[in-house]
Amino acid sequence: MASSPPPEEYAQQASYYCANLNGLVDRDTSHLFRGDRTRVYRGTLKREGTGASGVIQVALKVVWFTPEGDGSIEHVLREVHVWSKLCHPNIAKLLGFVTEFDDTLSMVSEWMAKGNAYQYVQDQSVDPRPLVSRDSSMTVRDICENL
Numbered sequence: 001m002a003s004s005p006p007p008e009e010y011a012q013q014a015s016y017y018c019a020n021l022n023g024l025v026d027r028d029t030s031h032l033f034r035g036d037r038t039r040v041y042r043g044t045l046k047r048e049g050t051g052a053s054g055v056i057q058v059a060l061k062v063v064w065f066t067p068e069g070d071g072s073i074e075h076v077l078r079e080v081h082v083w084s085k086l087c088h089p090n091i092a093k094l095l096g097f098v099t100e101f102d103d104t105l106s107m108v109s110e111w112m113a114k115g116n117a118y119q120y121v122q123d124q125s126v127d128p129r130p131l132v133s134r135d136s137s138m139t140v141r142d143i144c145e146n147l
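Written as structure tokens, this is what we have:
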């Protein structure tokens, strides 16, 4: 099995697409979501020069790499690259990345108080009609135009 590149190499490559937030993010160790090669944690981001009021809630997506396939460094860097270019009110903004946790790359995004998309659509109080309306195709087009 091939060994993973050091976190410094991840940081150098990812910094072409978004901000290196090392030293500015704290992670809550209780993870919220677990996938095959990912975990999503809640954390806080300290905005530089803004004092205590400059702390915001963030989500940290931690990815473990495999030598090839969906968990490869190339796949993860492609996700960072594409996500960094998305600009739409219905997509959480990628704020940057850190390499300080678990010797791997963690993507830092805005915290979504209502949970992930799956949790959101499972909520009985949510009206699903805007999600399946004729205008929903406009949303997909708008997203793609910002790539």
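Under full-length UniProt numbering, the first residue of the sequence shown carries the number 1, and numbering increases by one thereafter.
Backbone N, C-alpha and C fix where the C-beta goes; we use that ideal spot for every residue, glycine too.
Within the same chain, L77 come within 7 Å of Q13 by CB-CB distance, once the 5 residues on both sides are set aside. Cβ-Cβ distances below 6 Å link A19 to G96 in the same chain, with the five nearest sequence neighbours on each side left out; the list follows chain order. Between L94 and S72, the CB-CB gap reaches or exceeds 8 Å. Residue I91 holds the alpha-carbon nearest to the alpha-carbon of A117 among H81, Y16, I91. Annotated three-state conformation of K85 is helix, per DSSP. About 12 Å separates the CB atoms of I56 and R42; that is not less than 8 Å, and the two are not in contact. Assigned with DSSP and collapsed to three states, G43 falls in strand. DSSP places A92 outside any beta strand (DSSP E), giving it a letter other than H or E.
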